[in-house]
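Undergrad: Handing you this structure, nothing more for now.
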Amino acid sequence: MLVFACNADELEDGDSRPVATAPHVAVFRVDGEYYATQDACSHEHWSLGENGELEGYEVVCPLHMARFDVRDGRPLCLPARAPLTTYPVVVRDGQVMIEIPDDAESATDEHSAELSAAE
47 MLVFACNADE LEDGDSRPVA TAPHVAVFRV DGEYYATQDA CSHEHWSLGE
97 NGELEGYEVV CPLHMARFDV RDGRPLCLPA RAPLTTYPVV VRDGQVMIEI
147 PDDAESATDE HSAELSAAE
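For what it's worth, our numbering labels the leading residue of the sequence shown as 47, then goes sequentially.
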């Protein structure tokens, strides 16, 4: 399903923002292109859309300086080891839309339950 993230003119190059979807997503703009990943850092679950620093195609989590490539979600340095989930982005009629798989919410709920059980 396509989910509205923001109007295209609301994000300038180098900007990011969280999007209240299920699952929570962050949208980034780099060199005029839009990218979307899971919002939570895979290391300590901080919001990358709200708190992350965007440096080119890399988003840096300020908590422990984990870095990820927003194009494919891969971790670029420790302490992050797990990649971020990425989502296709469509810009249509001036609106940035994120393509969220129908099963994404249930997969996120299962992952959250696993994390809670591990604590």
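The C-beta atom is built at its ideal place from N, Cα and C for all residues, glycine as well.
Just so we're clear, the structure is a prediction, and the values are computed from it rather than from any experiment.
1. Please classify A150: does DSSP put it in a helix, a strand, or coil?
2. Just to confirm the assignment, what range does the alpha helix (DSSP H) spanning L94 have?
3. How is the beta strand (DSSP E) around D184 delimited, first residue to last?
4. Do you know offhand how far E99's Cα is from A128's?
5. Is A72 buried or exposed, if buried means 16 or more other CB atoms sit within 10 Å of its CB?
TA: Checking against the coordinates, here is how it stands:
1. The answer is helix: DSSP assigns A150 an H, G or I state.
2. Segment 94–97, the alpha helix (DSSP H) holding L94.
3. Outside the displayed range of the chain (47 to 165) lies residue 184, so it cannot be described from this structure.
4. When the Cα atoms are used, E99 and A128 turn out to be separated by approximately 19 Å.
5. With 16 or more neighbouring CB atoms inside 10 Å of its own CB, A72 falls in the buried class.
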